[in-house]
Structures are given as C-alpha cells and as structure tokens.
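J.:
Residue numbers (my numbering), protein chains in the order written: chain X, 1 to 452; chain R, 453 to 822.
1) So residue 450 (chain R) is in the alpha helix (DSSP H); what residue range does that whole segment cover?
2) Is it buried or exposed, residue 774 (chain R), if we count other Cβ atoms within 10 angstroms and call 16 or more buried?
3) Using a cut-off of 8 Å between C-beta atoms, extract the partners of residue 417 (chain X) located in chain R.
4) Does the distance from the CB of residue 46 (chain X) to the CB of residue 678 (chain R) come in under 8 Å?
5) Starting from the C-beta of residue 166 (chain X), find all residues in its chain whose C-beta is less than 6 Å away, skip the five residues before and the five after it, and write them out in chain order.
6) Based on Cα-Cα distance, which residue from R:542, R:675, R:750 lies nearest to residue 508 (chain R)?
7) Could you give the DSSP three-state label for residue 59 (chain X): helix, strand or coil?
8) Which residues mark the beginning and the end of the alpha helix (DSSP H) in which residue 365 (chain X) is found?
9) So residue 696 (chain R) contacts chain X; which residues on that side make the cut at Cβ distance below 7 Å?
10) Is it true that the region 391 to 402 of chain X meets the region 118 to 133 of chain X, where meeting means three or more beta-carbon pairs spaced less than 8 Å apart?
11) Going by the DSSP bridge assignment, what does residue 414 (chain X) pair with across the sheet?
12) Please state the DSSP three-state secondary structure of residue 553 (chain R).
13) Mapping the DSSP letters down to three states, classify residue 820 (chain R) as helix, strand or coil.
14) So, is residue 577 (chain R) buried or exposed, given that buried needs 16 or more other C-beta atoms within 10 angstroms?
15) Spatial neighbours of residue 513 (chain R) within its chain, please: C-beta separation below 6 Å, excluding the five flanking residues on both sides.
16) Quick one: measure Cβ to Cβ for residue 416 (chain X) and residue 429 (chain X), integer angstroms, because I've assumed they're closer than 8 Å.
17) If I measure Cβ to Cβ from residue 554 (chain R) and keep anything under 7 Å in the same chain, skipping five residues before and after, which residues do I get?
18) If you measure beta-carbon to beta-carbon, which residues of the region 491 to 510 of chain R are closer than 7 Å to chain X?
19) For a test of the three-state rule: what should DSSP assign to residue 444 (chain X), helix, strand or coil?
20) How far does the beta strand (DSSP E) with residue 14 (chain X) in it extend, from its first residue to its last?
21) As an exercise, report each continuous alpha helix (DSSP H) stretch of at least 4 residues that is fully enclosed by the region 96 to 135 of chain X, in chain order.
22) Can you tell which of X:189, X:55, X:22 has the C-alpha that lies nearest to the C-alpha of residue 385 (chain X)?
23) Between the C-alpha atoms of residue 659 (chain R) and residue 650 (chain R), what's the straight-line distance to the nearest angstrom?
24) Can you give the Cα-Cα distance for residue 824 (chain R) and residue 98 (chain X), rounded to whole angstroms?
25) Going by CA-CA distance only, name the one from R:615, R:585, R:569 that's closest to residue 595 (chain R).
26) Is residue 409 (chain X) helix, strand or coil by DSSP?
27) Closer than 7 Å by C-beta to residue 505 (chain R): which residues in its own chain qualify, once you throw out the five before and the five after it? Chain order, please.
28) At least one CB of chain R closer than 8 Å to the CB of residue 179 (chain X): is that the case?
29) Residues of the region 236 to 256 of chain X in Cβ contact with chain R at a cutoff of 8 Å, in chain order, please.
30) Using a Cβ-Cβ cut-off of 7 Å (strictly less than) and excluding sequence neighbours within five positions of residue 704 (chain R), which residues of its own chain qualify?
31) If you follow the alpha helix (DSSP H) that residue 244 (chain X) is part of, which residue opens it and which one closes it?
32) Which residues of the region 651 to 668 of chain R have a Cβ closer than 8 Å to any Cβ of chain X? Give them in chain order.
33) Taking only runs of the alpha helix (DSSP H) that begin and end inside the region 753 to 778 of chain R, which ones reach a length of at least 4 residues, in chain order?
34) Exposed or buried, which one is residue 610 (chain R) when buried takes at least 16 other CB atoms within 10 Å?
35) Buried or exposed: where does residue 702 (chain R) fall if 16 or more other Cβ atoms within 10 Å of its Cβ makes it buried?
36) Taking CB distances under 8 Å as the criterion, tell me whether residue 703 (chain R) reaches chain C.
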C-alpha cells in the first residue's frame with residue numbers, strides 16, 4: 001500500500017514547475033550556443049557539403065544530405081528551435097523544429113555519430129512531452145492563462161531517470177580490464193597532455209591514469225545517488241563540475257561537458273530553481289509576477305497511452321546498452337552493439353584499410369585510394385568500424401562498375417589497433433565484402449576475432 | 453543556501469569562459485607556453501630537422517635559379533650541365549621538406565600539389581611555350597610547373613635537342629622565360645618558408661603542445677603520414693607499378709617521379725631517409741623517444757624496434773634496385789613489388805601504431821569526440 005502511494009506520488013504527485021522551466025532555459029541555451037558553434041566552425045560545409053558520399057544508418061538510407069542552401073537552412077532551424085525552447089516561445093513548435101532538424105542532420109552520416117548528439121536527441125524528445133513553457137516563458141507572457149505553478153512529478157522525473165540511465169551505463173561500461181587494470185586508454189591520452197599548464201606534469205604520471213580510471217568509473221556509477229539525496233546534492237554537483245570541466249580541458253569533446261552541467265541541474269530542489277529563476281527575472285520582473293498556485297493537468301485520455309509509451313521508452317533505454325551481450329567477440333573490437341549505449345571515452349582505436357577491387361574478367365587487383373571517395377574524417381571513422389567498411393565496399397563496387405569493371409569483387413586488408421594492442425588484421429581479407437549483406441542486428445562473421 | 457546559488461552561477465560563468473576559450477583555441481595564433489614546459493621532440497625536430505631541411509632547400513633552389521639564369525643567358529653544354537646538376541641537388545633537398553605540408557609551407561603553397569605534381573603535363577608545357585601566355589603558379593598550371601616541369605624542360609630529350617629548344621627553336625625566348633619563372637618561383641617560396649620557420653613559426657610550433665586538432669604534433673604526424681602514404685607509397689611506387697590503374701595494362705613507368713632525368717630512386721630513398729630522420733629526431737629527441745616512453749608493443753615486440761627494423765628493411769629492398777626506376781619497373785618488376793610491399797607495411801606502422809601510441813588522431817578534423 002505504502003509503495004503504491006509512493007509510486008503514485010512519484011508519477012502524479014504535484015511538484016513545483018520551477019525545475020522544469022529552468023531546465024528548459026539552460027538546455028535550450030546550451031543547444032543554441034552549440035548549433036551556432038557548429039555553423040561557425042564551418043562544419044556544415046565540411047561534414048555535409050564537401051563529402052561526395054555519406055554513410056546512412058541501416059533502414060534510413062532515404063535520409064540524404066540536402067543541397068548546400070538547405071543544409072544551412074536545416075542548421076538555421078536548429079538555432080531557431082533552440083532559441084524558442086530557451087525562451088519558451090511557441091515552445092512545442094520550437095521543440096519539434098529542433099528535434100526534427102537535429103535528428104535529420106545526425107542521421108545523414110554515421111561518421112559524425114557522437115554519444116552527446118544522441119543525448120541531445122533524447123533530451124529534446126522528452127522535452128516534447130512536458131509543459132516546460134508553462135512558467136517563466138514568453139508563451140506565458142503572451143497568454144497568461146497558460147501559466148501553471150505545479151506539474152505532475154513525472155514531467156521532471158523522466159529527465160532524472162534518463163540521466164540516471166546514462167551515468168550508470170557509462171559507469172558499467174568502464175568495468176572492464178582495459179579500463180580498470182591497464183588504465184587504457186587514459187594511459188595514452190593523459191600523457192599526451194603533459195605540457196598543458198599547471199596540471200600537465202601530473203597527467204604524465206602512470207598512477208594518474210589508474211586513479212582517473214577508477215575515479216571516473218566510481219563517479220559515473222554513484223553521481224546520480226549523490227544528486228538525488230538532498231544532503232549530498234551540493235557535494236555531488238561540485239563533483240559534476242570538477243569532473244566535466246576536467247574532461248573539457250583534457251579532451252576535445254566540444255559541448256558535451258556543458259550539456260551535462262546544464263542537464264544535471266534538474267536534480268536540484270524547487271526552492272533552488274525558484275531562486276535561480278528569481279535572479280533571472282531581474283531581466284523581466286513580469287515573468288514571475290502573481291504566482292497564484294495552479295496545477296497543470298495532463299490532457300485527459302492520454303494517461304494510458306502515456307504510461308505505455310514511457311514504459312516502452314525506458315524499457316528500450318535499459319535494453320539498448322546491453323544488446324552487445326548477444327554478439328560474440330569483444331565489443332570494443334567489433335563495435336557490434338556499440339552505438340546508442342552511452343559508452344564514452346573507452347577506446348584509443350586506429351586503423352588503416354587497403355581496399356582492393358578484383359576484376360573477375362581479368363583477375364586484376366586494383367588498389368583503392370580512399371581519398372578519391374571519402375573525406376579524411378570519413379576515412380578515419382570507416383577504418384575502424386566494420387559496418388562502415390561494408391557500406392564503403394558496396395559503394396566502391398558501384399563506382400568501379402561505372403568505370404567499366406563488371407561484377408567487381410571488393411576485398412579489404414585492414415589493420416586496427418585497440419587500446420595499445422598493436423595493429424593486427426581486423427577483417428577476413430579473403431571475403432568479398434561487396435557480396436555481404438547488411439542486416440539490422442546480424443553478426444558480421446567476417447570480422448576476425450580479437451586475439452588478446 | 454545563498455552560497456550555493458553563487459557557486460552554480462560561478463560554475464556557469466567558468467563554463468562559458470571555457471567555451472569561448474575552446475572555440476578560439478583552434479585559430480592558433482601562436483603565443484607562448486606560460487609554464488615554459490616544452491615538448492623536447494617538437495623542439496628538436498623543429499630546430500634540428502625541419503629548419504635545416506628548409507635552409508638546405510632554400511640554398512639549393514637559389515643555386516638552381518642562379519644556374520638556370522646562367523644557362524638562359526648563355527645556353528651551351530656547360531651551363532646546361534650545371535643547371536641539370538643544380539636541379540638534382542634541389543630536387544633531393546625537396547624530398548627532405550615534402551613531409552611538412554602545414555604552417556609556412558601551406559601559407560606559401562610550397563606543397564607537393566603545387567611544386568611536385570607528377571607526371572607533368574608536357575602538352576600544357578609545350579602550349580605554354582608556344583603561346584607565351586600562362587600564369588606560372590596558376591591553378592590550371594599545376595601540372596606544368598615545379599620540379600616535374602623542370603625535369604621535362606632540362607631532360608625531356610637528348611642534350612642537343614634541349615639546347616636547340618633554348619637556342620634555335622622559334623619559341624626559345626619563351627622557353628627561357630618559362631624555365632626561369634619556375635625556378636624563381638620555387639626559390640622565392642623556399643626562401644620565405646625557411647625564414648618563416650626559423651623566425652616566428654618555430655615558437656608557435658614548439659608551444660602548441662598536446663594532441664588536439666591544430667596542435668603541432670597532430671599537424672606533423674598527419675602531414676607526414678599523408679605524405680608517406682599518398683605521395684611515397686601511392687604516387688612514387690603504387691601508380692607506376694600499376695596498383696591503381698583500372699586498365700588491364702599493369703604498368704605505367706612514365707608516371708615515375710623525375711621520369712626524364714631518371715633519378716626517381718635516389719629521390720625515393722632520400723625521402724625514406726627523411727622520414728627515418730623525423731622519426732628518430734636525428735641524434736636528438738624524436739618520435740622514437742615518445743614511442744619508447746609509451747611502452748607500445750607490436751606482436752610482442754617493442755614498437756620502436758619494429759619501426760626501426762621496417763625502415764631498415766625498406767631501405768634494403770630499395771638498395772637492390774637501381775635508377776632509372778622506370779626501367780626497373782619493367783625489367784626487375786618482382787624486386788620493385790617487394791619494395792612496395794615493405795613500403796605498405798610501414799604505412800600500417802606509422803598511420804596506425806605510431807599515431808595510436810602517441811594518441812594522435814589521423815585525419816583529424818577539428819571536431820568533437822566523445
């Protein structure tokens with residue numbers, strides 16, 4: 001009985017809307033900056049306009065790069081959408097605009113897949129379901145009737161659950177011999193930063209890599225509990241700041257640390273968020289004038305659908321990161337079940353590929369210069385990822401058929417090193433990759449097993 | 453409670469500053485390392501390998517330009533022989549510089565794809581000579597300038613015919629102007645790059661430590677891996693021996709570097725030695741020291757030993773060949789293919805094992821990772 005009431009409170013209990021409103025503003029602002037940053041770095045051109053070919057996701061081959069003007073427009077939509085989210089201006093439209101344009105761009109080419117882009121997609125998707133614009137927003141200024149002071153607890157808790165899944169899976173993925181015992185890849189990455197001011201000299205010490213590996217794992221596994229508990233929350237957030245800022249200094253990981261700094265504020269109490277909004281409202285006092293308690297009631301008739309949707313959603317969120325267990329072999333080597341699993345900073349992996357076109361008519365073997373077809377960045381990502389090699393092999397077959405080689409066979413001699421293993425053969429070089437089929441979840445038998 | 457708010461606001465402020473900092477970080481404009489800590493490998497390779505190479509190139513290309521001037525003023529067998537000798541010296545000097553396609557070389561377009569595009573296009577050169585209208589460093593003239601164009605102009609026929617081209621031929625005056633324009637352009641670029649390296653750039657080079665995009669180590673490793681993989685392995689060996697052609701005809705010896713003067717192999721060996729020199733840092737601190745410190749292994753052996761051994765093997769395979777390489781491709785094909793196989797093994801060691809041991813990403817787009 002007690003637990004049932006607790007659960008009900010956890011989902012439907014009325015809580016103040018302030019954490020949700022602040023979360024919307026913080027996340028929207030970070031996304032706004034990061035979209036502008038992406039355009040300013042010239043990446044729209046480098047990633048979507050310059051390449052001749054792209055590596056679409058399985059089943060989403062219909063998602064194509066758009067003409068240059070449209071690509072910029074797509075990123076323009078992201079900037080606008082992020083602004084609308086942060087400002088709470090036509091909020092739902094803004095969320096959907098951002099979500100569609102962002103997801104479309106990310107799906108064009110898996111070369112650019114990053115866990116933090118996936119994180120952004122997931123958080124913005126969740127934002128689409130919650131009334132984060134009903135407080136401290138331009139929508140409320142426009143239509144004061146929209147204003148609510150309280151929301152059902154689930155609208156805030158879904159973000160906590162999502163963040164808990166992310167941190168805990170990131171932590172679990174660090175429990176392996178490479179990370180904890182060999183301190184790989186930090187043993188390679190930290191000394192590479194030994195010349196940065198102040199902390200550099202410490203980074204080169206072998207013990208630092210071991211210490212950082214263990215602390216990183218413990219941080220990921222425990223931080224959510226620190227943040228959930230009122231008494232340890234303050235300490236927890238200090239740890240969040242230290243951890244993410246340190247990674248920002250040492251690694252080139254762009255906006256990820258700032259997204260996490262913004263997102264984890266959701267764990268703070270409503271009083272905290274009210275105070276934060278209080279200091280923001282200096283900009284526009286009318287935003288907070290006359291807080292008459294009004295509870296947000298979810299639209300009638302959606303309760304069952306909502307429960308079903310979120311049960312399924314979180315079930316999949318829990319399942320996706322462990323799907324790798326169904327594949328044989330070492331996950332970091334084959335990368336089967338690697339994406340969408342919150343595995344971050346786990347490997348120093350490099351490779352090179354010598355693709356050969358075999359002309360069945362003459363028996364001639366032609367070596368391929370990958371740069372004739374791919375950008376350097378695409379080539380690098382392809383050279384360690386089997387599913388991309390397969391896509392590339394099929395592309396080569398097509399290209400060489402246009403050059404007059406019918407039924408071309410495509411073989412690859414590929415060498416990969418993983419976490420200091422030293423380069424070794426990665427793919428069975430006798431296999432005609434052009435004749436292999438890609439499947440949604442099937443195991444690729446032509447990946448050579450990792451020899452420890 | 454109030455301090456908590458202050459703290460969080462401070463955190464966001466710090467975060468904001470770092471965002472700005474990291475955004476501007478990629479447009480490196482130099483600056484010095486505030487702690488005074490420097491990367492000994494960058495310092496040694498910069499000062500004792502790269503700068504001397506460019507000074508050598510600067511001297512050699514100035515000498516080339518001078519002897520070409522002497523030749524065009526008085527074309528005869530002696531001045532021609534001098535110009536031809538100066539060309540060989542300058543070309544060999546270039547092999548010690550083609551590995552650094554960044555910084556000043558990139559600013560001055562002293563690059564493989566501007567001054568060493570081979571095979572040269574003799575049709576374009578001939579039409580330039582007869583028309584007399586061209587832009588020597590123009591984008592449409594890339595295949596008709598640089599060392600390969602000099603190769604054609606000074607060696608493209610027997611010496612008597614070459615002298616005739618510069619004396620009795622209807623377009624002789626144009627030929628003199630054309631040859632001089634090429635050597636003058638290379639000389640000017642090489643001098644500027646040499647000055648810039650020993651002037652400001654060396655400080656920038658040694659201060660941009662770390663391995664992120666834009667760091668000197670990332671630039672250097674990416675540049676020399678690209679030069680080794682594409683220029684040395686593909687263009688100097690792979691294409692002439694027919695690894696890349698789609699036609700049934702297996703060989704294209706005329707696509708060798710320095711095809712007319714027939715010094716392809718000398719140039720190739722010189723370039724391999726240049727790579728070896730960068731790797732070891734000569735007698736000073738080099739990549740080898742970094743690799744040793746990383747304790748990286750390959751097949752159970754120290755990676756450093758494996759790389760050094762592969763350099764030795766490759767040079768041994770090349771030493772059994774003799775110039776002209778274009779003839780060796782036809783007459784001694786198996787031995788050339790052996791050398792190609794070894795050259796390929798070194799691609800794997802440099803591009804995969806070396807870069808991974810250092811934590812340097814190959815073809816490092818200035819992008820976010822995670």
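Here a beta-carbon is modelled for each residue, glycine too, at the ideal position from N, C-alpha and C. It should be emphasised that the depicted structure is a prediction, and the values quoted were computed from it without experimental measurement.
T.: So, to answer that:
1) Here chain R covers residues 453 to 822 and nothing more, so residue 450 (chain R) does not appear.
2) Exposed, because fewer than 16 other Cβ atoms sit within 10 Å of the Cβ of residue 774 (chain R).
3) 804, 805, 808, listed in chain order.
4) Taking 8 Å as the Cβ cut-off, residue 46 (chain X) and residue 678 (chain R) do not qualify as a contacting pair.
5) Taking C-beta separations shorter than 6 Å and ignoring five residues to either side along the sequence, the partners of residue 166 (chain X) in its chain run 342, following chain order.
6) Proximity to residue 508 (chain R) across R:542, R:675, R:750 peaks at R:542, based on C-alpha coordinates.
7) Collapsing the DSSP output to three states places residue 59 (chain X) in coil.
8) It is not in any alpha helix (DSSP H) - residue 365 (chain X) instead sits in the beta strand (DSSP E) that spans 365 to 367.
9) What residue 696 (chain R) touches in chain X, judged by beta-carbon distance under 7 Å, is 366, 367, 369, going in chain order.
10) No, the region 391 to 402 of chain X does not touch the region 118 to 133 of chain X.
11) By DSSP's assignment, residue 414 (chain X) forms a beta bridge with X:353.
12) Three-state result, residue 553 (chain R): coil.
13) In the three-state DSSP reduction, residue 820 (chain R) falls in the coil class, being neither helix nor strand.
14) Burial check for residue 577 (chain R): the Cβ neighbour count within 10 Å reaches 16 or more, so the residue is buried.
15) So the qualifying residues of the chain are 542, 638, 639, 642.
16) Actually they are not in contact, since the Cβ atoms of residue 416 (chain X) and residue 429 (chain X) sit about 13 Å apart, beyond 8 Å.
17) Taken in chain order, the residues that qualify are 671, 675.
18) Those would be 491, in chain order.
19) The three-state reading of DSSP puts residue 444 (chain X) in coil, since its state is none of H, G, I, E or B.
20) Where residue 14 (chain X) is concerned, the enclosing beta strand (DSSP E) stretches over 14 to 16.
21) If we require 4 residues or more, the alpha helix (DSSP H) runs fully inside the region 96 to 135 of chain X come out as 115 to 127.
22) Residue 385 (chain X) has its Cα closest to that of X:55, out of X:189, X:55, X:22.
23) C-alpha separation (whole angstroms): 14 Å.
24) For chain R, the structure presents residues 453 to 822; residue 824 (chain R) sits outside this window and is missing.
25) Comparing Cα positions, the closest option is R:569.
26) Assigned with DSSP and collapsed to three states, residue 409 (chain X) falls in strand.
27) Cβ within range, chain order: 548, 549.
28) At a cut-off of 8 Å between beta carbons, residue 179 (chain X) makes no contact with chain R.
29) Flagged, chain order: 237, 238, 241, 245, 248, 249, 251, 252, 253, 254, 255, 256.
30) Setting aside the 5 residues that flank it on each side, residue 704 (chain R) is surrounded in the same chain by 691, 692, 694, 697, each with a C-beta closer than 7 Å to its C-beta; the list follows chain order.
31) Counting along the chain, the alpha helix (DSSP H) containing residue 244 (chain X) begins and ends at 233 to 250.
32) Flagged, chain order: 661, 662, 663, 664, 665.
33) The alpha helix (DSSP H) runs of length 4 or more contained entirely in the region 753 to 778 of chain R are, from start to end of the chain, 755 to 771.
34) Classification for residue 610 (chain R): exposed.
35) Counting Cβ neighbours within 10 Å, residue 702 (chain R) comes out exposed, since fewer than 16 surround it.
36) No chain C is present in this structure, whose protein chains are X and R.
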